[in-house]
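Here our numbering is used: the first residue of the sequence shown is 19, the next is one more, and so on.
Have a look at the structure below, then the notes.
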Amino acid sequence: MRYGMPPLSRQRGLATLLIAVVMLIVLAFITLYSNRAIFIEQRTTTNQYKRTLALEAAQSGIDGFMGTLGGTDTSQNFNKYFQKSGGNWQLKTNYDNASKLNSAGYLNSSNSAYNHDFGQTGLKTADSGTLPLPKDAGGNNIDGFAQTYTVYLATLGTNRFRMISRGCADACDYAEAFVMIDFTISGGAICPMDVNGTLNISTSGGSSIHGFTNNVKNSSGSDAYTCGVSVGTQGTGSFSDVIGCVTQCNNSSSNKYDPPYEITGGVSKDTHFQNYFGTDINSLKASSSTSCLLGAAGTDSNFSAVQTSINTTCAGKKYVFIQGNLVFDSQFANVGLNRTPPMVLIVEGNLSMPNPSPSTLFGTLYVRGDAVSNIPSSLTINGSAAFAGNLSTNGTISVYATSPYSVIPSSSATKPSTSANSWRDF
Numbered sequence: 019m020r021y022g023m024p025p026l027s028r029q030r031g032l033a034t035l036l037i038a039v040v041m042l043i044v045l046a047f048i049t050l051y052s053n054r055a056i057f058i059e060q061r062t063t064t065n066q067y068k069r070t071l072a073l074e075a076a077q078s079g080i081d082g083f084m085g086t087l088g089g090t091d092t093s094q095n096f097n098k099y100f101q102k103s104g105g106n107w108q109l110k111t112n113y114d115n116a117s118k119l120n121s122a123g124y125l126n127s128s129n130s131a132y133n134h135d136f137g138q139t140g141l142k143t144a145d146s147g148t149l150p151l152p153k154d155a156g157g158n159n160i161d162g163f164a165q166t167y168t169v170y171l172a173t174l175g176t177n178r179f180r181m182i183s184r185g186c187a188d189a190c191d192y193a194e195a196f197v198m199i200d201f202t203i204s205g206g207a208i209c210p211m212d213v214n215g216t217l218n219i220s221t222s223g224g225s226s227i228h229g230f231t232n233n234v235k236n237s238s239g240s241d242a243y244t245c246g247v248s249v250g251t252q253g254t255g256s257f258s259d260v261i262g263c264v265t266q267c268n269n270s271s272s273n274k275y276d277p278p279y280e281i282t283g284g285v286s287k288d289t290h291f292q293n294y295f296g297t298d299i300n301s302l303k304a305s306s307s308t309s310c311l312l313g314a315a316g317t318d319s320n321f322s323a324v325q326t327s328i329n330t331t332c333a334g335k336k337y338v339f340i341q342g343n344l345v346f347d348s349q350f351a352n353v354g355l356n357r358t359p360p361m362v363l364i365v366e367g368n369l370s371m372p373n374p375s376p377s378t379l380f381g382t383l384y385v386r387g388d389a390v391s392n393i394p395s396s397l398t399i400n401g402s403a404a405f406a407g408n409l410s411t412n413g414t415i416s417v418y419a420t421s422p423y424s425v426i427p428s429s430s431a432t433k434p435s436t437s438a439n440s441w442r443d444f
């Protein structure tokens with residue numbers, strides 16, 4: 019029996035079929051790997067997108083919390099988290115995670131780690147929140163987003179602190195990121211005796227300036243004051259008897275403040291007024307239901323004459339404006355005692371105190387201009403005293419914080435300031 023080669027046409031057909039099969043197999047592998055690459059790219063893109071959302075949440079936590087610390091709400095701003103001790107700001111222990119930082123400054127029990135371990139026990143949260151949903155062009159919420167943040171604080175050194183914000187998208191075990199910055203707290207003197215400008219003291223009259231905080235509380239139940247006396251700029255004279263205290267203002271007292279007075283640097287007169295009254299002077303004067311206007315701009319008013327108007331013309335009005343200058347021309351006692359509402363005496367011009375006789379005022383004295391005492395005089399204020407301008411005196415001024423006569427500033431010069439080159443995000 020003879021065997022021969024298949025016809026050439028059959029050989030070509032088999033070769034074509036084989037090539038087609040091989041090409042199909044190759045195309046199948048190409049398609050498979052192409053789909054896999056697309057899938058991986060989609061997953062990678064999704065993961066990067068979610069991580070970007072987590073980083074956005076962390077940064078929003080930092081931005082929002084820094085704004086809160088520097089805000090005017092004393093129940094939520096720096097007063098909630100920090101306290102003054104020995105002239106320095108200290109982070110309250112129930113918010114301090116200093117013991118949780120490793121040698122590299124991360125929240126981690128391992129000193130070799132350069133990442134945060136947010137799962138370790140005992141971390142103390144300062145703030146947390148959820149970002150609002152994004153909106154479409156029509157103002158409708160876009161569902162499918164979940165961005166949260168948690169903020170932690172830690173002490174680094176004297177007046178130096180670290181803020182760490184953890185951001186999460188969907189869930190923290192799915193996508194998380196963090197932002198970390200270092201910052202300082204400075205300023206923020208809230209005192210019953212406040213000189214925003216320069217304090218000058220004569221050495222010839224045995225002058226003393228005392229501010230007693232008397233454990234007065236604010237609306238949230240915390241200490242209303244951080245010091246007894248604040249001075250924008252220290253001027254001439256001896257400051258050895260310029261003392262702020264709780265109840266006993268002398269250099270040997272155990273409850274005097276350290277330092278005995280704060281130097282704040284001062285702010286503009288408009289800002290100073292806004293800090294005390296939450297509005298500008300013209301708006302407050304325009305409120306006829308709460309404000310009474312006496313005197314005239316550019317003229318002097320004697321306090322002996324003003325007292326009668328305080329109890330008659332200004333009866334029932336909280337704010338008594340002296341639109342010009344005011345002169346304490348004679349002795350007075352217990353002006354404003356038991357007055358309803360408690361009196362806030364606002365001198366738009368200057369205040370002069372030529373009378374040496376001891377005088378007592380119940381309420382708040384606010385002087386927008388400068389105040390001068392050229393002879394030894396004695397003034398006691400039960401409430402608070404604020405001088406937006408300069409104070410020059412050779413007399414004695416004692417201010418006792420007293421509820422309900424004191425006006426506590428609605429905000430202060432205290433602001434958190436980020437340290438240069440400290441911003442890190444991952």
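Even for Gly, the Cβ is constructed at its ideal location relative to N, Cα and C.
Only a predicted model underlies this, so the values are computations on that prediction, with no experimental measurement involved.
For Q165, the number of other beta carbons within 10 angstroms of its own is at least 16, and it is reported as buried.
Going by DSSP, L141 is part of no beta strand (DSSP E) at all; its letter is neither H nor E.
A straight-line Cα-Cα distance of about 35 Å links C245 and R184. The C-beta of D212 has 16 or more other C-beta atoms within 10 Å across all chains shown, which makes the residue buried. When secondary structure is reduced to three states using DSSP, G82 falls in the helix class. In this structure, G407 lies away from G381, with their beta-carbon atoms at least 8 Å apart. Residue range F321 to N329 is occupied by the alpha helix (DSSP H) that includes A323. The Cβ atoms of L171 and L73 lie no closer than 8 Å to each other. Nearest to T216 by alpha-carbon distance, out of S370, G284, G137 and A403, is G284. No residue range can be given for D347, since it is assigned to no alpha helix (DSSP H) and is classified by DSSP as neither H nor E. Put simply, the backbone Cα of A333 is about 30 Å away from that of N233. Ranked by Cα distance from G137, the options E194, S402, Y423 and Q349 are led by E194. If you ignore the 5 residues before and after T317, its C-beta comes within less than 6 Å of the C-beta of G342, all in its own chain and listed in chain order. Under DSSP, S248 takes part in a beta bridge, and its partners are D212 and E280.
In the DSSP annotation of this structure, the continuous segment of the beta strand (DSSP E) that includes Y170 starts and ends at Q165 to G175. DSSP places F380 inside the beta strand (DSSP E), whose first and last residues are S377 to V385.
Relative to I208, the option among A131, Q101, F196 and N218 whose CA is nearest is Q101. With respect to N236, S410 sits apart: the two C-beta atoms are not nearer than 8 Å.
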